[in-house]
Every structure is written in structure tokens, then in C-alpha cells.
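In the working numbering, the protein residues as written are 73 to 202.
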């Protein structure tokens, strides 16, 4: 009985942790995209100024870093999902909560940030050579 109580506490902790990670990811994506959009729109509004091309470096660095963070976090999210299924079995829960959206969203955010970083780097290089 004590093992089952432990499993229920772990299950509750896993669900709270999952909700926290999902919330944090959505807020981080919104922040990264807002910063990237604001700085790139500022650049396009002032693209005739030769030194403003360097304003593209900050969103490039942010998106490249976010791409790496999300890409590396996919593995950890999959471990959390696997552990959740094991704990559900110990707790006697027959239908485990689905935790696959977190690794999928992390992968999606990694790809999107990578594409944005490559686009910004390409634009930066093209504008420098112009």
C-alpha cells in the first residue's frame, strides 16, 4: 500500500512538472518570436543604414540558442514521458495521461528556431556583401 501511495505522489509531481514545462515552453516561444519579430521589423524599417545590419545578430543568437536548447531537451522530455508510464503502472492507473505533446513541441520549436536562425544568418551575410 505504501508503494502505491508513493506512486500516486510521484504521478502528481510528474503531472505538475509536465504542466510547468509546457507552460514555460509556450512562454519562451512567444518571447523569442516577439523579440525576433520586433528586431527584424526594426531592421527592415531602417535597412538603408549600413550599420543596422548588425541588429540581426541578436535575433540570430537567440534563435540559434533556442534551437539548441529545445533540441537537447527533447531527450529529457521523452525520459519524463517514459517514467510517467512506469509510475502509472505502479499506481494502478490503466489509462496514463498522454505526455507526448511536450517532446513534439520541443522538436517543432527547435526546427522553427533553426530555420529562423539560418534565414537571419543568410540575410546578414547577403546584406554585408552588398
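Note that CB positions come from ideal geometry on N, CA and C, so glycine has one too.
The structure displayed is predicted, hence computed values, not measured ones.
Asked, Found
"DSSP on residue 101, reduced to helix/strand/coil?", "helix"
"Closer than 6 Å by C-beta to residue 143: which residues in its own chain qualify, once you throw out the five before and the five after it? Chain order, please.", "182"
"Under the three-state reduction of DSSP, which class applies to residue 202: helix, strand or coil?", "coil"
"Which two residues bound the contiguous alpha helix (DSSP H) that contains residue 147?", "129-163"
"When you compare only the Cα positions, how much space is there between residue 171 and residue 191?", "32 Å"
"Of all the options 85, 91, 76, 79, which has the alpha carbon lying nearest to the alpha carbon of residue 174?", "91"
"What distance in whole Å lies between the Cβ atoms of residue 86 and residue 159, which are believed to be in contact at a cut-off of 8 Å?", "6 Å"
"If you compare alpha carbons, which of 153, 114, 146, 76 is closest to residue 97?", "146"
"Just to confirm, is the Cβ distance from residue 115 to residue 129 under 8 Å?", "no"
"Evaluate the contact criterion for the region 129-140 versus the region 100-117: three or more CB pairs, one atom per stretch, below 8 Å.", "yes"
"Pop quiz: residue 125 and residue 200 are said to be a contact at Cβ under 8 Å. What is the actual Cβ separation, rounded to whole angstroms?", "6 Å"
"How about residue 138 and residue 185: are their beta carbons less than 8 Å apart?", "yes"
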